[in-house]
Amino acid sequence: MKYMLMMNVRGGGSYQIASWPAADITAHIGFMRSFGARLSAAGELIGAEGLSGPDQAKLVRAGAGGEPITDGVFPESKEFLAGYWIVDVDTPERAYAIAAEASAAPGPGGKPLNMAIEVRQVMSGPPSDWTPDA
Amino acid sequence: MIPPLDNSSQDLLRDLAPAVLGALVRRYRDFGGCEDAVQEALLAAAMQWPTQGLPDNPKGWLITVATRRLTDQIRADTARRLREHLVVSLIPADEQIALAADAAGVNERDETLDLYFMCSHPALSQASQVALTLRVMGGLTTGAIARAFMVPEATMAQRLTRAKQTIKSAGRIFPELAAADRAARLPTVLKVLYLIFNEGYTASGGDALYRLDLSNEAIRVARLLLWLLPDQPEVGGLLALMLLTDARRPARIGTNGELIPLDEQVRSRWNQERISEGKQILERALAQGAVGPYQVQAAIAALHDEAPSTEATDWRQILALYDVLGFQDSPMARLSRAIALAMVDGPAAGLAALAELARDPRLSTHHRLAAARAHLLERAGRPAEAIDEYRRAAEGTTNTPERNYLLLHAARLSDSLAPSTTRAST
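Going line by line, the protein sequences match chains A and L.
Mapping of the first sequence onto the numbering used here: position 112 corresponds to residue 112, and the numbering continues sequentially without gaps.
Mapping of the second sequence onto the numbering used here: position 415 corresponds to residue 1415, and the numbering continues sequentially without gaps.
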């Protein structure tokens, strides 16, 4: 079963990596890289992406003629998705364990951030014996 | 269990692939069908050569097998649709094979060259041009290209299929382009190769083990193009630029995947073989007369490669070369020129040039402008302002190694301003 692990952080909150000391940034980045490499080596990682900052984010809606109408930039306090992992694991417990590891990524002073990681199961396709006409 | 094909045979296969496809497309026109047939022939070679040994004439072998696949396919199509598409289906397969093998030779260069132009067909999107060039000129499998761009294989397969359909409906690929058409379209071909190179050069990570080296691919395909077009100095200029830039790659990424800028790189790690080859190719191109932007950029890269340090770099010469590039009106070239100016006349002069550039709407909010300003503010001894600009640049970039470098640089500068308080506050 596949799960998406989302790292939601609040703008202006504790995840202000730009203001950390260099050693803490290095440790954090190093953790994220080895975390990804470990998941990949275990055959559990489907994909992971970090997203660019919310200051570049836009909300888009279709206008009357289908043309894109963009809305942005957002207030600093808004919660935003900083990045995500998609993992393929045997049990939900394993997905939670992975999420807990990510949550404990080192922050300022090397202390674990214990940030909230949102875990959502990815919907699967129809089972192989299922046909639309059945 | 089939033994894997050894590396030199794999290289041979990929080197032969464009020529084989060129020969087929020239005769049978149907690019999509020919392309599929060549892929099948390559696969057959990979399966059969390890056990049966290398054929005496590998190219003839591939043409023969691909032609057979193509005619099988055409016959199947013909039967299904109850009509005959191409004259080829009326020619006995054995005759076609004989003809195809003989057709190689005089026209081979033109055939292969036309494939380059087809892959850069103006009706294609840039992403499709890149994918098709890697597939057709690089002889890469769909899976390898997909992994290189970190997209699912199905997505890449679809992109390639659509590209081939676009070419088919755009028509008029063969008969061959007139010389004037080729000259007009050469810049697009070069641009596609440079895009592939840069994709590899700035790749943001992924699993290095499974990731194809796109920079090497671009260099390989550019070499082939130079062999086909030895009299086009910009082709040599582009290949030289790639080699002279790629030479610095071993020194360019830190242990945590952060970008290491030129002035902080350990220069002994630069690839001297690449540098001397790039310089040779550049000299030959420059001697041919018509100087273009790739040659100028290669000349700038060569000056950096020759310098033992940032301080000992011939910035005056680099500045002069950026002035030559100026006619291009490229914002990034102007940005680099401002840095060179700062190295010649001091950071204040560079900052003044950047202030001028900030009026260009293409640059005013670009993270590279903030990064350049940060760099010059730091050199000017204004660290607090430099930190703000480094952070601004870090927010603006979408490239992970670049962001990590900018963040770390700001943090180090910030640490040095208040070394005792940063730790205590946490």
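Cβ atoms here follow ideal geometry from the backbone N, Cα and C, with glycine treated the same way.
Residue nearest to residue i in terms of C-alpha spacing, selected from the options
i	options	result
L1160(L)	L1024(L), D1323(L) and Q1126(L)	Q1126(L)
T1398(L)	F80(A), M6(A), S40(A) and S52(A)	S52(A)
L1193(L)	R1248(L), L1225(L) and P1383(L)	L1225(L)
G1022(L)	P1055(L), K1059(L) and T1051(L)	K1059(L)
A1019(L)	P1004(L), N1057(L), Q1052(L) and L1113(L)	L1113(L)
V1296(L)	Q1280(L), E1277(L), A1312(L) and D1323(L)	D1323(L)
T91(A)	P112(A), L81(A), W85(A) and E44(A)	E44(A)
G1033(L)	N1216(L), Q1272(L) and I1074(L)	I1074(L)
Residues that DSSP places opposite residue i in a beta bridge
i	result
I98(A)	In the DSSP output, where bridge partners are listed per residue, I98(A) has none listed.
Y151(A)	Residue 151(A) is absent from the structure shown; chain A starts at 1 and stops at 134.
V60(A)	T70(A)
F80(A)	V9(A)
G50(A)	G83(A)
L1325(L)	Answer by DSSP bridge pairing: none, since L1325(L) is not bridged.
P112(A)	P106(A)
Residue-level contact to chain A via CB, residue i, 8 Å cutoff
i	result
A1017(L)	no
R1412(L)	yes
D1263(L)	no
D1246(L)	no
D1207(L)	With a pLDDT of 44 at D1207(L), under the threshold of 50, the modelled position of that residue is not reliable, and the figure given next carries that caveat. Closer than 8 Å: yes.
T1141(L)	no
T1398(L)	yes
L1439(L)	The question about residue 1439(L) has no answer here: the residues shown for chain L are numbered 1001 through 1426.
D1415(L)	yes
N1404(L)	yes
R1391(L)	yes
G1257(L)	yes
P1004(L)	no
L1377(L)	no
E1395(L)	yes
L1363(L)	no
L1054(L)	no
L1325(L)	no
L1243(L)	no
L1408(L)	yes
CB contact check: residue i to chain L, cutoff 8 Å
i	result
S52(A)	yes
P21(A)	yes
I29(A)	yes
I117(A)	no
I25(A)	yes
I17(A)	yes
R10(A)	no
D55(A)	yes
R33(A)	yes
Quiz item: Below 8 Å, can you find three or more Cβ-Cβ pairs linking the stretch 1285-1292 of chain L to the stretch 1253-1269 of chain L?
Solution: At 8 Å Cβ cutoff, the stretches do not touch.
Quiz item: If you pair each beta-carbon of the stretch 1058-1077 of chain L with each one of the stretch 1027-1041 of chain L, do three or more pairs fall below 8 Å?
Solution: Contact between the stretch 1058-1077 of chain L and the stretch 1027-1041 of chain L is present, because at least three Cβ pairs lie under 8 Å.
Quiz item: Do the stretch 1309-1322 of chain L and the stretch 1250-1261 of chain L meet, that is, are 3 or more Cβ pairs less than 8 Å apart?
Solution: Touching, no, given that fewer than three Cβ pairs across the two stretches are closer than 8 Å.
Quiz item: Can we say the stretch 1239-1251 of chain L touches the stretch 1294-1314 of chain L, given the rule of at least three CB pairs closer than 8 Å?
Solution: Counting Cβ pairs under 8 Å, three or more are found: they touch.
Quiz item: Quick one: complete alpha helix (DSSP H) runs, 4+ long, within the stretch 1263-1315 of chain L?
Solution: As far as the stretch 1263-1315 of chain L is concerned, its whole alpha helix (DSSP H) runs of at least 4 residues are 1272-1287 and 1293-1306.
Quiz item: Whole alpha helix (DSSP H) runs in the stretch 1353-1394 of chain L with 4 or more residues, listed along the chain?
Solution: For the stretch 1353-1394 of chain L, whole alpha helix (DSSP H) runs of length 4 or above, ordered along the chain, are 1367-1379.
Self-check item: Three or more C-beta pairs below 8 Å linking the stretch 1382-1397 of chain L and the stretch 1411-1419 of chain L
Solution: These segments touch.
Exercise. Report yes or no: do three or more beta-carbon pairs, one from the stretch 1366-1375 of chain L and one from the stretch 1333-1351 of chain L, lie closer than 8 Å?
Key: Result yes; three or more Cβ-Cβ pairs closer than 8 Å.
Quiz item: Do the stretch 105-123 of chain A and the stretch 1185-1192 of chain L make contact, defined as three or more Cβ pairs closer than 8 Å?
Solution: No, the stretch 105-123 of chain A is not in contact with the stretch 1185-1192 of chain L.
Quiz prompt | the stretch 59-76 of chain A / the stretch 94-111 of chain A touching (three or more Cβ pairs under 8 Å) | solution = Fewer than three pairs of CB atoms, one per stretch, sit closer than 8 Å, so the stretch 59-76 of chain A makes no contact with the stretch 94-111 of chain A.
Exercise. Inspect the CB distances between the stretch 1146-1157 of chain L and the stretch 1050-1057 of chain L and report whether three or more fall short of 8 Å.
Key: Contact between the stretch 1146-1157 of chain L and the stretch 1050-1057 of chain L is absent, because fewer than three Cβ pairs lie under 8 Å.
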